[in-house]
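Step one of this worksheet: look at the structure below.
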Amino acid sequence: MAAKVIIILVAATISVLISISISAVVLYFVAQFLFIDGITYSKSFKTAAFTTLICLILSFVFSPLGMAGTVIAFLCGFVVMAIIIMRIFEASFGKALSAAVLSWLVSMILSFVIYGLLFGFTGGLNIERGKYIEVIDKKTGRKVKLKLPDKFR
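Letter by letter, the sequence shown follows residues -4 to 148 in this note's numbering.
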């Protein structure tokens, strides 16, 4: 039991570090694209790490509000990231907010592709061929065994 918890914590930590690294690289290039002065990778990494930590706290604070809390935390996350970018990179609020939105969009796309390549886009479809699966017939409400084909077409 303890070993499973440790494995989960290590995997979560690695996942967060990968996400922060992706965000930092993307922020670095987005800031260059938007002509923000004083851009370095270490500043981008600090910004991504601070933003991740603060957005995590915002999510915990606003999560009791349900969906409205999720939307509030999401929007506050952009504003917080813009403020952090303003402080670390000495940029205007407009450029900082643009960098926050663009880097979020590109990071989401890259994260989806990278995690898909690392862990497989179809990881949840790991079904053995030739086996039986149980499904519920919608008309009768009974469980029915279906044999999976040897080859998926």
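We put the beta carbon where it would ideally sit given N, CA and C, even for glycine. Computed from a prediction, not measured in an experiment: that's the story for all the values here.
Buried versus exposed call for residue i [16 or more other C-beta atoms within 10 Å across all chains shown]
i, result
"residue 81", "buried"
"residue 148", "With a pLDDT of 43 at residue 148, under the threshold of 50, the modelled position of this residue cannot be trusted; read the value that follows with caution. Residue 148 comes out exposed."
"residue 42", "buried"
"residue 93", "buried"
"residue 136", "exposed"
"residue 76", "buried"
"residue 119", "With a pLDDT of only 49 at residue 119, under 50, the local geometry of the prediction cannot be trusted, and the value read off the model is given with reservation. So residue 119 ends up on the exposed side."
"residue 36", "exposed"
"residue 58", "exposed"
"residue 169", "Any property of residue 169 remains undetermined from this structure, which presents the chain solely from -4 to 148."
"residue 22", "buried"
"residue 7", "exposed"
"residue -3", "exposed"
Bridge partner(s) assigned by DSSP for residue i
i, result
"residue 140", "129"
Pair within 9 Å by beta-carbon distance, residue i and residue j
i, j, result
"residue 20", "residue 39", "yes"
"residue 72", "residue 46", "yes"
"residue 140", "residue 128", "yes"
"residue 106", "residue 9", "no"
"residue 78", "residue 68", "no"
"residue 5", "residue 98", "no"
Chain C within 9 Å of residue i, Cβ atoms only
i, result
"residue 111", "In the structure shown, chain C cannot be found, because there is only a single protein chain."
Checklist entry - For the stretch 16 to 35 against the stretch 85 to 104, are there 3 or more C-beta pairs whose distance is under 8 Å? => result yes
Checklist entry - Taking contact to mean at least 3 C-beta pairs separated by less than 8 Å, is the stretch 104 to 113 in contact with the stretch 11 to 20? => result yes
Item to check | Any alpha helix (DSSP H) of 4 or more consecutive residues that is wholly inside the stretch 12 to 74 | outcome: 36 to 57
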